[in-house]
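These notes concern the structure reproduced below.
Chains as they are written, first to last, in our numbering: chain A, 549 to 924; chain F, 549 to 924.
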């Protein structure tokens, strides 16, 4: 606790509004409680134990990770039930076994016979139990076995006692544009994954875990019959993509990048800031959404309000360029040395450039500094 | 020195071929020697003292940085002549003064009266000498004062004894497509910056330093009369953008991301790898170039050869999707658990996700591990 404010920080710096985070966390806990399932938040967005504690309401809950670096960090911070939700690369089995031997319930996912073979061989050779979920393709978006595919049963049989269930991620939900489409995608994600679980059980195989989720499908889900747990990550912070998809408001976006105005190019109507693509990320997630926010929305950091008509329209490594949609920019509003706060297109991508959050609690004062774990 | 090879590494991992780096370094030193100017490499690409030593031929040379974190790191590693080539944010003046007081010749850049005022006030109040280059707009691309703009002289007068010269970066060179265009852009960059220097001198102001550069303009420059130093960064590693711009060959690209195949989606013709946008970056720099390499070219890590017809066509946070341009992918070529090496669109963006390089010397053996400095 100091008297330092966000205006004392060197720029760029990543700011996290704890009040907004708490509101987002509580809303999701309420939603999931109403659906009667377990929440297993995806910590790839925040990569921070302090953020997880708020998402969990300071209780002990299971988590989802995207890297083994996250698994090691959260386990070291007391989290014992972890799903590593990226398809297995067999080279990682020794790292996975090390966590399991240390007492972590670390489950992995896969969707091929080859990967199932590698797990079986490793388990037989090393004598370490590894629990596996089979990834199901519920949307044609990325990975997974089709729920009706014969391969599903073959993989299940090959896994034997390692089989612990099925999981899916309906990433195609990001292509939905109407509430009816979102609701249909949420139901498709649920129904196809439950169907896969039923097929495995019908074949005499165990399938206690049925895990689904994405922030959009969970936001729009009305019924999760047959599902045991849900995963979502970006809801913690929200971002401009989520705003455009209708899962959060602008006032829910809990992180922003504090930047300084470093120059004016009056001839071309440009305000330059010291947050470029390393500070903001190259993510252009809103490019195909109803409103294109460029590389981010520009806010007044004192009020937190979005400044109308301007966006970060282009970036170089350490330069961001703010221009006006109308073409007319008010340079006096952006004097050299003044600060702006940039709201991200994609919170996971933007936060990944930083090793810490400067935490505020509804004012300019910095109430704390929270670390993140990056890398692999 | 161990017997570990790149195939022993957990994935994703950043590999640096020292042989290629040395070749790129030597070629640039030869080029600059021929032009009769000083080379001030931009270390924002590698952010590594070990890489700089090779760029410098193990001599003491000046450098360019994009962050004060780089300035502190390289100064701590013995580099004493540093240009911080991002327009000044006044909030950083105390950090800059700290380096200067510690003995670093750290110069800064700016292009507004407001920033010049802030430097003058700071210098007067703190008694620390700060040398400044005025940024010149030589291409309408980003920042800078026009060489014929009255503002140039005003800023120079306001800086007084802090004025040390002019600098520019012709980023518009990345929009050139023919050798004639590149050569014209290189000459424009030179001529307008020298013109700005002459105008300052004509007004009785000192302008000893005339600094220009970008990897493309330097590659294509034929004459640098009036220029005292050149800056370039990405030539150290090369990348697919540079290959498409003609400044390097595919065989010059010195870094790649080692990834594992983690799945097959046979229905959609997709091979999944464990390198997504955090491992490869979201950079789509080749999107508008003659050949679009998606998120990267796919190589056989044993031979280093590019595998024809396939690219990383899409990415999520920790997933990359390899597809074939022809639509027909040979899944046997990409068995689950096998490795691929991904060449980056933009070396600076891709390397930024890593805190170290695994260094090879023309074989699979890891000859060393070199650290990087990230953040701000």
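Note that CB positions come from ideal geometry on N, CA and C, so glycine has one too.
These numbers come from a predicted model, not from an experiment.
> With DSSP run on the structure shown, which of helix, strand or coil describes residue 861/F?
Replying inline: strand
> Start and end of the alpha helix (DSSP H) containing residue 598/F?
Replying inline: Boundaries of the alpha helix (DSSP H) around residue 598/F: 597–603.
>> Is it the case that the region 719–737 of chain F contacts the region 658–676 of chain F, given that we only count it when at least three CB pairs across the two stretches are under 8 Å?
In response: no
> Could you give the residue range of the beta strand (DSSP E) that holds residue 578/F?
Replying inline: It is not in any beta strand (DSSP E) - residue 578/F instead sits in the alpha helix (DSSP H) that spans 566–583.
> Would you say residue 737/F faces chain A, with C-beta separation under 9 Å as the test?
Replying inline: no
> Which whole-angstrom value is the C-beta distance of residue 784/F and residue 610/F, which I expect to be below 8 Å?
Replying inline: Between residue 784/F and residue 610/F, the beta carbon gap of about 15 Å keeps them out of contact (Cβ cut-off 8 Å).
>> Here's a check: name, in chain order, each residue in its chain whose Cβ is nearer than 7 Å to the Cβ of residue 762/F, leaving out the five neighbours to either side.
In response: 717, 718, 719, 721, 780
>> Quick check: what's the CA-CA separation for residue 621/F versus residue 766/A?
In response: 45 Å
>> Does residue 690/A come out as helix, strand or coil in the three-state DSSP assignment?
In response: Coil, per DSSP.
>> Please tell me whether residue 767/F has its Cβ less than 9 Å away from any Cβ of chain A.
In response: no
> Quick one: which chain F residues come within Cβ less than 7 Å of residue 924/A?
Replying inline: 558, 560
>> So that I know if they touch, is there some Cβ in chain A lying closer than 9 Å to that of residue 639/F?
In response: The beta carbon of residue 639/F falls within 9 Å of a beta carbon belonging to chain A, placing the residue at that interface.
> Roughly how many angstroms separate the alpha carbons of residue 895/A and residue 844/A, rounded to a whole number?
Replying inline: 11 Å
> Which residue spans inside the region 750–800 of chain A form an unbroken alpha helix (DSSP H) run of at least 4?
Replying inline: Complete alpha helix (DSSP H) runs here, min 4: 763–768, 788–793.
>> What ranges does the beta strand (DSSP E) occupy inside the region 613–673 of chain A, keeping only unbroken runs of at least 3 residues that lie completely in it?
In response: If we require 3 residues or more, the beta strand (DSSP E) runs fully inside the region 613–673 of chain A come out as 629–632, 653–658.
>> Between residue 916/A and residue 864/A, how many whole angstroms is the CB-CB distance? I'm expecting something under 8 Å.
In response: About 32 Å separates the two Cβ atoms, so there is no contact after all.
> How about residue 599/F and residue 924/F: are their beta carbons less than 9 Å apart?
Replying inline: The Cβ atoms of residue 599/F and residue 924/F lie no closer than 9 Å to each other.
> Can you list the beta strand (DSSP E) stretches of 3 or more residues lying completely in the region 692–747 of chain F, in chain order?
Replying inline: 711–715
>> Just to confirm the assignment, what range does the alpha helix (DSSP H) spanning residue 825/F have?
In response: 825–828
> Thinking C-beta only, is residue 803/F closer than 9 Å to residue 821/F?
Replying inline: no
> What residue ranges within the region 854–919 of chain F form continuous beta strand (DSSP E) runs of no fewer than 3 residues, ordered along the chain?
Replying inline: 854–863, 868–872, 887–891, 904–908, 914–919
> Rounded to the nearest angstrom, how far is the Cβ of residue 778/A from that of residue 760/A, given a contact under 8 Å?
Replying inline: 6 Å
>> Less than 9 Å between the beta carbons of residue 867/F and residue 690/A, yes or no?
In response: Judged by beta-carbon spacing, residue 690/A lies within the 9 Å limit of residue 867/F, meaning their Cβ atoms are closer than that value.
> Does the distance from the C-beta atom of residue 741/A to that of residue 768/A stay below 9 Å?
Replying inline: no
> In the DSSP assignment, what are the bridge partners of residue 586/A?
Replying inline: Note: residue 586/A sits in a beta bridge opposite 777/A.
>> Spatial neighbours of residue 807/A within its chain, please: C-beta separation below 8 Å, excluding the five flanking residues on both sides.
In response: 559, 560, 821, 822, 823, 827, 868, 887, 888, 889, 890
>> Let me make sure I understand the geometry here. Which of 641/F, 645/F, 860/F has the alpha-carbon closest to that of residue 885/A?
In response: Residue 885/A has its Cα closest to that of 641/F, out of 641/F, 645/F, 860/F.
>> Out of 703/A, 782/A, 623/A, 635/A, which one is the CA nearest neighbour of residue 651/A?
In response: 623/A
>> Does any residue of chain F have a CB that is nearer than 9 Å to the CB of residue 902/A?
In response: yes
> What distance in whole Å lies between the Cβ atoms of residue 745/F and residue 755/F, which are believed to be in contact at a cut-off of 8 Å?
Replying inline: 4 Å
>> Beta-carbon within less than 7 Å of residue 849/F's beta-carbon, same chain only, minus the 5 sequence neighbours each way: which residues are those?
In response: 554, 806, 887, 888, 889
> Quick one, are the C-beta atoms of residue 829/A and residue 900/A less than 9 Å apart?
Replying inline: yes
> So what's residue 814/A in DSSP terms, helix, strand or just coil?
Replying inline: helix
> With 16 as the cutoff for other CB atoms within 10 Å, does residue 582/A come out buried or exposed?
Replying inline: exposed
> Mind checking residue 771/A: buried by the 16 CB within 10 Å criterion, or exposed?
Replying inline: exposed
>> Using only CA atoms, which one of 814/A, 615/A, 625/A, 649/A lies nearest to residue 879/A?
In response: 814/A
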